[in-house]
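These notes concern the structure reproduced below.
In structure tokens, the structure reads:
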């Protein structure tokens with residue numbers, strides 16, 4: 006029903022401040038009657054990180070920060086949902102306004118600053134859905150004023166492992182001062198070692214993912230992928246929002262500070278995804294994020310090396326019906342190529358896309 010209604014309410018939502026519209030949308034979705042995730046065509050099935058995903062299209066972190074509606078979101082057809090980011094202590098984030106639409110570019114700029122209700126609230130909500138079907142993960146970070154950020158990640162891991170299928174270690178948000186410094190090799194090595202150890206003590210079956218920034222250089226990517234493999238990370242998420250501003254941006258808000266997401270992020274994030282696949286191959290599954298707004302974009306991410314893809318910003322403009330459109334489009338591409346599994350498509354054009362995406 007929601008995909009049908011969205012075209013009617015979109016003008017009303019877009020007349021509101023973006024953050025207000027977002028909050029109202031999450032609350033409305035949370036009120037939907039709970040139902041099991043809809044059945045998908047088995048050709049879309051993907052098995053990675055010791056889980057079987059009914060389809061490869063996931064909701065990226067940032068939409069449902071407080072884990073208010075993961076089951077309702079799964080009911081919209083997503084193959085998996087990532088909630089958060091979550092930090093140990095509640096924090097308000099940066100002052101408003103802190104999110105800006107760029108409709109001409111199919112883009113969004115945000116500088117939320119990891120606003121979060123805190124670990125205890127999110128843990129209680131995830132605890133309440135224990136036993137429900139569907140794959141749910143959580144994105145974790147550190148409090149802005151923390152004196153020990155590594156300890157913050159450990160606390161979130163201990164508090165949430167066993168309640169979710171995967172935990173994404175976010176060291177790549179551009180909106181928390183100093184957070185991206187944790188992408189440095191020495192810091193990252195210590196961080197991942199401690200997070201993996203905390204996971205092993207709490208719930209060994211919970212997968213650990215690492216989310217990286219699109220703005221790192223190839224030397225940094227070499228170091229990050231090597232560290233992730235050495236420390237037993239289960240998958241990489243490529244990528245977060247970017248601080249870069251393409252000259253082609255036309256939106257009035259293009260000068261706002263924060264992370265840019267949506268269509269302009271597609272090319273740089275896909276190039277980085279392909280470069281990552283060239284380094285890890287099939288040894289480490291990849292989740293492709295950034296500018297996914299069509300079946301063609303999702304198909305390209307898979308060709309670049311993604312076993313799974315995530316989207317968020319495109320929903321602001323296209324609505325939840327986009328999920329079904331992408332799945333239908335992927336099936337058409339598979340039928341056209343005469344294939345019955347996406348596995349053979351993953352990374353097949355990584356070398357080409359690393360050069361040209």
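In my numbering, the protein residues as written are 6 to 362.
Note that the Cβ used here is the ideal one computed from N, Cα and C, for glycine as well.
Of the other Cβ atoms in all chains shown, 16 or more fall within 10 Å of the Cβ of residue 179; this residue is therefore buried. In this structure, DSSP gives residue 160 a helical state, which the three-state scheme calls helix. If you compare the alpha carbons of 294, 97, 304 with that of residue 216, the shortest gap goes to 294.
Shown here for residue 58: same chain residues with a beta carbon closer than 8 Å to its own, the five before and five after excluded, namely 50, 51, 52, 84, 85, 140, 313 in chain order. Shown here, residue 106 sits in a strand according to DSSP, grouped into three states. A Cβ-Cβ separation of about 5 Å places residue 111 in contact with residue 267 under the 8 Å criterion. Counting only the Cα atoms, residue 136 lies some 28 Å from residue 327. Straight-line measurement puts the Cα of residue 175 at about 30 Å from the Cα of residue 43.
Per the coordinates, the alpha-carbon of residue 324 lies some 12 Å from the alpha-carbon of residue 19. Going by DSSP, residue 332 is part of the alpha helix (DSSP H) stretching over 326-342. For the 9 Å CB-CB criterion, residue 171 and residue 211 form a contact. Secondary structure of residue 306 (DSSP, three-state): helix. Where residue 127 is concerned, the enclosing alpha helix (DSSP H) starts and stops at 124-133. Residue 355 has its alpha-carbon roughly 7 Å from the corresponding atom of residue 283. For residue 66, the number of other beta carbons within 10 angstroms of its own is at least 16, and it is reported as buried.
Under DSSP, the beta-bridge partners assigned to residue 63 are 85, 315.
For residue 39, there is no enclosing beta strand (DSSP E), as DSSP marks it with neither H nor E. Bridge partners of residue 166 according to DSSP: 169. Straight-line measurement puts the Cα of residue 256 at about 14 Å from the Cα of residue 264. Beta bridge pairing from DSSP links residue 216 with 175, 242. Between the segment 243-261 and the segment 196-211 there are fewer than three inter-stretch CB-CB distances shorter than 8 Å, so the stretches are not counted as touching.
Membership of residue 275 in the alpha helix (DSSP H) is indicated by the continuous run 271-285. Annotation: residue 311 to residue 239 spans about 14 Å, alpha carbon to alpha carbon.
DSSP places residue 360 within a helical segment (H, G or I) once states are collapsed to three. Here the segment 18-37 lies against the segment 99-110, with 3 or more beta-carbon pairs under 8 Å apart. DSSP places residue 58 outside any alpha helix (DSSP H); the residue lies instead in the beta strand (DSSP E), whose first and last residues are 56-58. According to the DSSP assignment, residue 266 belongs to the beta strand (DSSP E) that extends over 264-267. Excluding sequence positions up to five before and after residue 39, its CB lies within less than 6 Å of the CB of 76, all in the same chain and listed in chain order.
In chain order, 74, 77 place their CB closer than 6 Å to the CB of residue 34, counting only its own chain and leaving out the 5 sequence neighbours on each side. Residue 142 has 87, 171 as its beta-bridge partners, per DSSP. Taking the C-beta atoms as reference points, residue 237 is found nearer than 9 Å to residue 213. In the three-state DSSP reduction, residue 293 falls in the strand class (E or B). For residue 52, the enclosing beta strand (DSSP E) begins and ends at 51-53.
With a threshold of 16 other beta carbon atoms within 10 Å, residue 223 falls short and is exposed. The residues 299, 300, 301, 303, 304, in chain order, have a CB closer than 8 Å to that of residue 334 in the same chain once the five nearest residues on each side in sequence are set aside.
In its chain, beyond the 5 residues on either side, 190, 193, 194, 197 have a beta carbon closer than 7 Å to the beta carbon of residue 232.
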